[in-house]
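Peer 1: Just passing along the structure, written as structure tokens.
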Amino acid sequence: MTTAVLGGGLSGLSAGYYLLRRFGKPLTIYEASPRVGGWVRSENRKDRNFIFESGPRTIRPVGLPGANTLELVEELKLEVTPIRRSHVAARNRMLYAKGQLCMLPNSPKGLFGVLPPFTKPLYKAVLRDLVTASKKAKLEDESIYSFAERRFGKEIADYAISPMICGICAGDAREISVRFLMEGLFEKEQKYGGVLKGALISRFEKNKTKDTKDGLFAEGQPKLYAQALKEKWAMYGLQGGLENLPKAMRKYLGERDVNVQLSNECRNLTFSSSGVRMNIKDAEVPVDHVVSSLPAYKLAPLVKQQHPSLSAQLLSIPYVDVLVVNMQFPGKLLKQDGFGLLVPPVEKLPLLGVIFDSCCFDMGENTVLTVMMGGHWFDQWFGDRPSPKQILDLATSHVQKMLQIREEPKFSRVHTLHKCIPQYTVGHKRRVEAIRNYIKTYKLPLSVCGAAYDGVGINDVILSARRQVEGIPLS
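Put into structure tokens, the structure is as follows:
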């Protein structure tokens, strides 16, 4: 069986890895750009002892998706840098709200005092959930904001949930689907009448083993995952930067004769009973099955000729642009260490959040920050397409004010990540089901994986590739 993968980001490379494991060769990965890794990009300034990440920098070792990634990391023999739960970057997360830096509670004790920006103790929001009746959601979904406001009150929706959604997908909680991003909480509320009530009841009912012992890891947990549990890792990075993951995957695949073709864009897909013909550089390339890890809007034009309604469904998944500004200052300048801060949208500021890279990882006598701006509000703040210098000046002025830093950054990078994050708007789960059902109904030799369908995190896109490859019939 000949297979091809479209896209050389993390999900595409993972699809290649799992295809090789399941079907062997021949197998080719086609990537339109001159590099692998997609949005994962690390700039390692070894001479100055710091790293700029324009994409993600940490991975969470949680549950089956976390175990699956660690199995891959182990296979690739990559060096990890764990951040344990006791580490300041795991304990301290902040908001910038009402003109000040506010520490979020990191223990049950924090539920009882009044911590800014909140005006009453957080335990009252928990009590509200216990006494509020559940409401059947129309179309079995609603926005995360509406769900949080209904269960816990407006203050929690504005100052806890909304900034968290900015951090996850640069999105507006008033539009993002609770059923897709927080399905567990939503289902507990719908089934048991409350989030807390549901959590307690399901805890008592659950006598099953941990999910990593079922299915994928029936024969035992990956060693690195067992180590992460034992040592209580909250998250981890990779030595030399996270881009070492896609680089190592490409090397691993290349050593096993998997052809990774860069600067090779697929222009069209033609399906027939005998397989797929891919139009690449004006040549027709026939294969038995294609796995697309492309963003939904990039796959849409490739199938439009034969399957216009599938194309339209793919285009119904919106994407946002994000500005990422990396900055390095000489010396240790932060007054409060932590993972970083998020900015609630009610503050009406252009920033989504700031990550304190040099708190997460040892970067010597440097203060290294990553500022994220735009997302759902990109056009509102950056619609007139400011220059990189204007973007850097804006980010710097806000960082200086928020973190009380007087200095100017010595080194910086400005990245515009165009259409980088899919938005899981209300009804997203059904949208994805409809896309996959269409492919199944028409028996198309096509699988779709990646952030558009199964979640935005690194663990999500890797597991998405694995699940889709395992769903391809062997014959």
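Numbering of the sequence shown is given in our numbering, commencing with residue 13 and proceeding in unit increments. Glycine included, C-beta positions come from ideal geometry on N, C-alpha and C.
#1: Are the CB atoms of residue 170 and residue 439 within a distance shorter than 8 Å?
#2: Does the region 385-404 come close enough to the region 181-199 to have 3 or more Cβ pairs within less than 8 Å?
#3: Could you compute how far the alpha carbon of residue 97 sits from the alpha carbon of residue 330?
#4: In whole angstroms, give me the CA-to-CA distance for residue 80 and residue 174.
#5: Do the region 25-44 and the region 256-270 touch if we need at least three Cβ pairs shorter than 8 Å?
#6: Indicate the three-state DSSP secondary structure (helix, strand or coil) for residue 62 in the structure shown.
#7: Out of curiosity, what's the CA-to-CA distance linking residue 475 and residue 36?
#8: Considering only C-alpha positions, which residue in the set 294, 447, 275 is nearest to residue 46?
#9: Quick one: residues in its chain with C-beta nearer than 6 Å to the C-beta of residue 450, no 5 flanking neighbours on either side, listed in chain order?
#10: For residue 424, count the other beta carbons within 10 Å of its own beta carbon; 16 or more makes it buried, fewer makes it exposed. Which is it?
#11: To the nearest angstrom, report how far apart residue 345 and residue 53 are at their CA atoms.
#12: Any chance the region 286-299 sits against the region 397-413, with 3 or more Cβ pairs inside 8 Å?
#13: Smallest Cα separation from residue 336: which of 370, 308, 400?
#14: Rounded to the nearest angstrom, how far is the Cβ of residue 462 from that of residue 305, given a contact under 8 Å?
#15: Which of the three DSSP states, helix, strand or coil, is assigned to residue 417?
#16: Measuring only the C-alpha atoms, how far is residue 27 from residue 458?
#17: Determine the extent of the beta strand (DSSP E) in which residue 372 is found, giving its start and end residues.
#18: Who are the near neighbours of residue 106 in its chain, counting only those whose CB is closer than 8 Å to its CB and skipping five residues on each side?
#19: Assuming contact is defined by CB atoms lying nearer than 8 Å, are residue 380 and residue 366 in contact in what I supplied?
#20: Give every residue of the same chain whose Cβ lies closer than 8 Å to the Cβ of residue 309, excluding the five residues on either side of it in the sequence, and list them in chain order.
#21: Rounded to the nearest angstrom, how far is the Cβ of residue 48 from that of residue 31, given a contact under 8 Å?
#22: Count the other CB atoms within 10 Å of the CB of residue 376; is the residue buried (16 or more) or exposed (fewer)?
#23: For the alpha helix (DSSP H) that residue 427 lies in, which residues bound it at each end?
#24: Taking buried to mean at least 16 other C-beta atoms within 10 Å of its own C-beta, is residue 23 buried or exposed?
#25: Along the chain, which unbroken stretches of the beta strand (DSSP E) at least 3 residues long are found entirely within the region 329-405?
#26: Distance check for residue 465 and residue 444, CA to CA, integer angstroms please.
#27: Which of helix, strand or coil does DSSP assign to residue 273?
#28: State the Cα-Cα distance for the pair residue 358 and residue 70, rounded to the nearest angstrom.
#29: Go ahead and label residue 317 buried or exposed: buried means 16 or more other beta carbons lie within 10 angstroms of its beta carbon, across all protein chains shown.
#30: Short of 8 Å in beta carbon distance, which residues of its chain neighbour residue 422, apart from the five on each side in sequence? Order them along the chain.
#31: Among the residues of its own chain, which have a CB less than 6 Å from the CB of residue 134, if the five just before and after it don't count?
#32: Quick one: give me the first and last residue of the alpha helix (DSSP H) that residue 112 is part of.
#33: Do residue 485 and residue 243 have their CB atoms nearer than 8 Å?
#34: My output table needs one value for residue 222: the three-state DSSP class, helix, strand or coil.
#35: Mark residue 223 as exposed unless 16 or more other C-beta atoms lie within 10 angstroms of its C-beta, in which case mark it buried.
#36: Would a C-beta distance cut-off of 8 Å place residue 191 and residue 164 closer than the cut-off?
Peer 2: Put simply:
#1: Along the sequence shown, one-based indexing puts residue 439 at 427. Along the sequence shown, one-based indexing puts residue 170 at 158. No.
#2: Cβ pair count under 8 Å is three or more, so yes.
#3: Taking the first residue of the sequence shown as 1, we reach residue 97 at position 85. Taking the first residue of the sequence shown as 1, we reach residue 330 at position 318. For residue 97 and residue 330, the distance between alpha carbons rounds to 35 Å.
#4: Along the sequence shown, read from residue 1 onward, the residue named residue 80 stands at position 68. Along the sequence shown, read from residue 1 onward, the residue named residue 174 stands at position 162. Using only the alpha carbons, I get a separation of about 29 Å.
#5: With a cut-off of 8 Å, the region 256-270 and the region 25-44 count as touching, because enough Cβ pairs lie within range.
#6: For the purposes of this step, residue 62 is taken as residue 50 along the sequence shown, with counting starting at 1. For residue 62, the three-state secondary structure derived from DSSP is strand.
#7: Taking the first residue of the sequence shown as position 1, residue 475 is located at position 463. Taking the first residue of the sequence shown as position 1, residue 36 is located at position 24. About 19 Å.
#8: Translated into positions along the sequence shown, residue 46 becomes position 34. The residue with the shortest Cα to Cα distance from residue 46 is 275.
#9: For the purposes of this step, residue 450 is taken as the residue at position 438 of the sequence shown. Taking C-beta separations shorter than 6 Å and ignoring five residues to either side along the sequence, the partners of residue 450 in its chain run 322, following chain order.
#10: Here the question's residue 424 lines up with position 412 in the sequence shown. Residue 424 is buried by the Cβ-count criterion.
#11: On the sequence shown, residue 345 is found 333 positions in, with the first residue counted as 1. On the sequence shown, residue 53 is found 41 positions in, with the first residue counted as 1. Going from the Cα of residue 345 to the Cα of residue 53 covers about 25 Å.
#12: When Cβ pairs closer than 8 Å are counted between the two stretches, the region 286-299 is seen not to touch the region 397-413, the count staying below three.
#13: The count along the sequence shown starts at 1 and reaches residue 336 at position 324. Among 370, 308, 400, the Cα nearest to that of residue 336 is on 400.
#14: Along the sequence shown, read from residue 1 onward, the residue named residue 462 stands at position 450. Along the sequence shown, read from residue 1 onward, the residue named residue 305 stands at position 293. About 4 Å; that satisfies the 8 Å criterion.
#15: Along the sequence shown, one-based indexing puts residue 417 at 405. The answer is coil: DSSP assigns residue 417 none of H, G, I, E or B.
#16: Counting from 1 along the sequence shown, the entry for residue 27 is found at position 15. Counting from 1 along the sequence shown, the entry for residue 458 is found at position 446. Roughly 13 Å between the two C-alpha positions.
#17: As a working note, residue 372 is residue 360 in the sequence shown. Under the DSSP assignment, residue 372 falls outside any beta strand (DSSP E), being part of the alpha helix (DSSP H) whose first and last residues are 369-372.
#18: Taking the sequence shown and counting its residues from 1, one reaches residue 106 at position 94. Within the same chain, residue 106 has close Cβ partners 113, 114, 115, 116, 348, 350, 352, 353, 354.
#19: Indexing the sequence shown from 1 puts residue 380 at position 368. Indexing the sequence shown from 1 puts residue 366 at position 354. No; because the gap between Cβ atoms is not below 8 Å, this pair is not in contact.
#20: Numbered from its first residue, the sequence shown carries residue 309 at position 297. If we look at residue 309 and ignore the five residues flanking it on each side, its Cβ neighbours are 326, 327, 329, 331, 431.
#21: Position 36 of the sequence shown holds residue 48. Position 19 of the sequence shown holds residue 31. Their Cβ separation, rounded to whole angstroms, is 16 Å, which puts residue 48 and residue 31 out of contact at 8 Å.
#22: Numbered from its first residue, the sequence shown carries residue 376 at position 364. Under this definition residue 376 is an exposed residue.
#23: Taking the sequence shown and counting its residues from 1, the one referred to as residue 427 is at position 415. Counting along the chain, residue 427 falls outside any alpha helix (DSSP H), though it belongs to the beta strand (DSSP E) covering 423-434.
#24: Counted from its first residue, the sequence shown places residue 23 at position 11. Classification for residue 23: buried.
#25: Fully enclosed beta strand (DSSP E) runs of 3 or longer: 331-342, 352-354, 363-368, 378-387.
#26: Residue mapping note: residue 444 aligns to position 432 of the sequence shown, counting from 1. Residue mapping note: residue 465 aligns to position 453 of the sequence shown, counting from 1. Their Cα atoms are separated by approximately 6 Å.
#27: Position 261 of the sequence shown holds residue 273. Strand.
#28: Position 346 of the sequence shown, counted from the first residue, corresponds to residue 358. Position 58 of the sequence shown, counted from the first residue, corresponds to residue 70. The straight-line gap from Cα to Cα measures roughly 27 Å.
#29: The residue labelled residue 317 in the question sits at position 305 within the sequence shown. Residue 317 is classed as exposed because its beta carbon has fewer than 16 other beta carbons within 10 Å across all chains shown.
#30: Here residue 422 is taken as the residue at index 410 of the sequence shown, counted from 1. Within the same chain, residue 422 has close Cβ partners 340, 341, 342.
#31: Counting from one through the sequence shown, the residue named residue 134 turns up at place 122. Answer for residue 134: 123, listed in chain order.
#32: Looking up residue 112 in the sequence shown gives position 100. Careful: residue 112 lies outside any alpha helix (DSSP H), inside the beta strand (DSSP E) at 112-115.
#33: What you label residue 485 is simply residue 473 of the sequence shown in a count that begins at 1. What you label residue 243 is simply residue 231 of the sequence shown in a count that begins at 1. Cβ distance not < 8 Å, so residue 485 and residue 243 don't count as in contact.
#34: Reading the sequence shown from its first residue, position 210 is the one you call residue 222. Only weak support is given to the placement of residue 222: the predicted model assigns it a pLDDT of 48, under 50, and the question is left unresolved by the model.
#35: For the purposes of this step, residue 223 is taken as residue 211 along the sequence shown, with counting starting at 1. Confidence at residue 223 is low in this model, with a pLDDT of 47, below 50, so its placement is unreliable and the value that follows should be read with caution. It is exposed - the Cβ of residue 223 has fewer than 16 other Cβ atoms within 10 Å.
#36: For the purposes of this step, residue 191 is taken as residue 179 along the sequence shown, with counting starting at 1. For the purposes of this step, residue 164 is taken as residue 152 along the sequence shown, with counting starting at 1. No, the pair does not count as a contact, with Cβ atoms beyond the cut-off.
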